[in-house]
Every structure is written in C-alpha cells, then in structure tokens.
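Plus 15 on top of the position in the sequence shown (first one is 1) and you've got our numbering.
Backbone N, C-alpha and C fix where the C-beta goes; we use that ideal spot for every residue, glycine too.
On a predicted model such as this, the values are computed, not experimentally measured, just so you know.
Just below is one structure, and these are the notes that go with it.
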Amino acid sequence: MNISDLLVLTRADQPGAIAMRGAIWLVGVLVVATAVDRNKSEKGIRVDAGWFFLFLFTTGILSYFIFGFVPTF
C-alpha cells in the first residue's frame, strides 16, 4: 500500500474517512464521559474537551505544513 492509496481513504466520501470521523467522535465522547465519571465540574469538562479539540486542530495544521496535505475528516 502506497501513500496515494492512504490519501484516497481520507476523502470525505470514502468509508475510511467515515470511520475516522466516527473514531474522533468516540474519543471526544470518551473524554467527556470520563470527566463526568470523575465528578468534574462543567468547567473541567469544557477544559478537557477544549484541549482535545485544540490537539485535533493543531495536528491538522502541522500535517499541512510538514507533509503538505490537508486531512479531510
């Protein structure tokens, strides 16, 4: 499998992209569920979710600058 095959999987209409979006959604839900389970306040949950989405955003920007392509979710 070469890089062009991997890039085809990230197109928005491909099953791989749908699975990737589902996995990101699942991780986001797990972050919130873990925070609720530990009796965190609403502010603590927002902070955890904010860090998670900041990580996703910066990872997308870095992949653009380092590898030269934009990941499509």
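Checklist entry - Under the three-state reduction of DSSP, which class applies to Arg61: helix, strand or coil? => result Helix at Arg61.
Checklist entry - Under 8 Å between the Cβ atoms of Asp63 and Val42? => result Taking 8 Å as the Cβ cut-off, Asp63 and Val42 do not qualify as a contacting pair.
Checklist entry - Distance, Cα to Cα, Val51 vs Val44? => result Spanning the two alpha carbons is a distance of roughly 11 Å.
Item to check | Span of the alpha helix (DSSP H), counted from its first residue to its last, around Arg36 | outcome: Where Arg36 is concerned, the enclosing alpha helix (DSSP H) stretches over Pro30 to Asp52.
Checklist entry - In its own chain, which residues sit with a C-beta less than 7 Å from the C-beta of Ile60, not counting the 5 before and 5 after it? => result Within the same chain, Ile60 has close Cβ partners Val47, Ala50 and Val51.
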